[in-house]
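Participant: Residue numbers (full-length UniProt numbering): 1 to 267.
Positions of the beta carbon are idealized from the N, C-alpha and C atoms, including for glycine.
Please read all numbers here as calculations on a predicted model, not as lab measurements.
For reference, the structure I am asking about is given below.
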Amino acid sequence: IDESTVLSLGSSLILNYSRFSVKRDGDGYYVLHIERTGYEDSGLYACQINTNPVKTEYTSLEVTGPSLFDEFLSSPSTVVGYLGEGVSLRCVSRSTSRLSITWRHEVLEEDSPKTKSVLAGAHLAEGEWLNITTLSRGDAGIYVCTVANGGSGTAYRRIALEIFYPPEIVAINFEGTDAEGSDTATLSCGARGHPAPTVYWTKRGHAGSLRTDVSNAEVERHQNDEARRTSYLRRVQHKDIDLYSCVAKNALGETSAELRLINANNG
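Written out as structure tokens, the structure is:
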């Protein structure tokens with residue numbers, strides 16, 4: 001309500017505000033009643049008596065209540081979506097005040113291999129709901145809902161959006177050997193997916209991953225849901241020259257890619 005708005009004349013309301021009413025008590029006082037008070041009702045109120053001269057009395061109303069942080073109705077702190085599908089994030093307060101709700105997406109910037117900084121994301125939307133119709137991997141991250149009521153300050157909610165998708169092989173290669181029985185062949189495979197996939201190597205005709213007596217495997221996990229497995233075949237023999245498969249799997253599926261190990265001398 002604007003500070004210059006006339007609310008009532010006598011016991012009659014000038015404007016149709018359903019939460020407001022004016023009554024005259026037995027002592028001749030006019031009493032203004034406000035139901036379901038909100039923060040926007042705070043401010044200076046004036047009672048004016050049209051005598052000559054005019055008499056005016058002022059009173060200040062300050063509406064207090066629970067913090068906006070305690071009044072949130074929002075999506076859980078972590079929401080799971082699926083690549084290519086849609087998701088809706090919700091952020092609203094129980095407060096009866098008129099609220100301004102805005103959304104932004106926090107962006108992570110790689111400053112160096114070991115450090116990251118959070119940049120203020122672009123303004124995405126206004127209102128209770130943020131709807132993303134077709135999820136991509138770039139949509140994952142932290143979404144910040146900002147709620148302001150113009151009276152008691154601003155509150156924030158952070159919602160982490162995880163994008164689940166099946167694994168995919170992003171790199172597969174090997175470094176060959178120059179002589180059987182003395183050199184090491186290095187098989188390397190990288191895959192991505194969310195949840196982060198399990199990656200392993202298999203040899204044609206052999207069930208399960210490579211035996212530990214002929215390989216030394218190391219898994220390195222990186223950012224962006226990537227996993228990498230490197231297997232070292234030591235003292236390579238003729239029987240090791242064969243077809244190998246890199247397998248990546250997570251809860252949403254499984255994929256594989258093949259690589260043929262050859263001897264550099266024999267082709």
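Just the Cα atoms here: how many angstroms apart are Leu261 and Glu254?
Facilitator: For Leu261 and Glu254, the distance between alpha carbons rounds to 23 angstroms.
Participant: Taking the DSSP output, what are the residues bridged to Leu161?
Facilitator: Answer by DSSP bridge pairing, in chain order: Val79, Gly141.
Participant: On the DSSP letters alone, give me the boundaries of the beta strand (DSSP E) that His238 sits inside.
Facilitator: Note, His238: premise wrong, no beta strand (DSSP E); not H, not E.
Participant: Quick one: give me the first and last residue of the beta strand (DSSP E) that Tyr30 is part of.
Facilitator: It spans 30 to 34 - the beta strand (DSSP E) in which Tyr30 sits, taken as one unbroken run.
Participant: Please confirm whether Ser88 and Leu124 have their CB atoms less than 8 angstroms apart.
Facilitator: The answer is no: Cβ separation not under 8 angstroms.
Participant: Distance, Cα to Cα, Tyr165 vs Ile101?
Facilitator: Near 30 angstroms, if we compare the C-alpha coordinates of Ile101 and Tyr165.
Participant: Is Tyr244 close to chain D? Criterion is C-beta to C-beta, closer than 8 angstroms.
Facilitator: Any reference to chain D falls outside this structure, which holds one protein chain only.
Participant: Cutting at 7 angstroms between CB atoms, please list the residues of its own chain near Thr186, excluding the five before and the five after it.
Facilitator: Correct list, in chain order: Phe174, Glu175, Thr230, Tyr232.
Participant: In the DSSP assignment, find the beta strand (DSSP E) that holds Thr198 and state where it starts and stops.
Facilitator: Its beta strand (DSSP E) spans residues 198 to 203.
Participant: Just checking, does the segment 188 to 202 make contact with the segment 239 to 247 on the three C-beta pairs under 8 angstroms criterion?
Facilitator: The segment 188 to 202, when compared against the segment 239 to 247, does touch it at the 8 angstroms Cβ threshold.
Participant: Could you pull the start and end residues of the beta strand (DSSP E) that Ala191 belongs to?
Facilitator: Looking at the DSSP string, the run of the beta strand (DSSP E) that includes Ala191 is 185 to 194.
Participant: Thinking Glu194 and Ile163 are a contact (beta carbons under 8 angstroms), I'd like their distance in whole angstroms, please.
Facilitator: Reading off the sequence, residue 194 comes out as His, not Glu. Confirmed, about 6 angstroms.
Participant: Express the C-alpha separation of Leu161 and Ala140 in angstroms, rounding to a whole number.
Facilitator: Those two C-alpha atoms are separated by around 5 angstroms.
Participant: In terms of alpha-carbon separation, which member of Pro167, Ser11, Asp183, Asn149 lies closest to Ala251?
Facilitator: Closest by alpha carbon: Pro167.
Participant: Is Ser8 closer than 8 angstroms to Val22 when the C-beta atoms are compared?
Facilitator: Yes.
Participant: Among Arg235, Ala191, Glu226, which one has its Cα closest to the Cα of Ser256?
Facilitator: The option with the nearest alpha carbon to Ser256 is Ala191.
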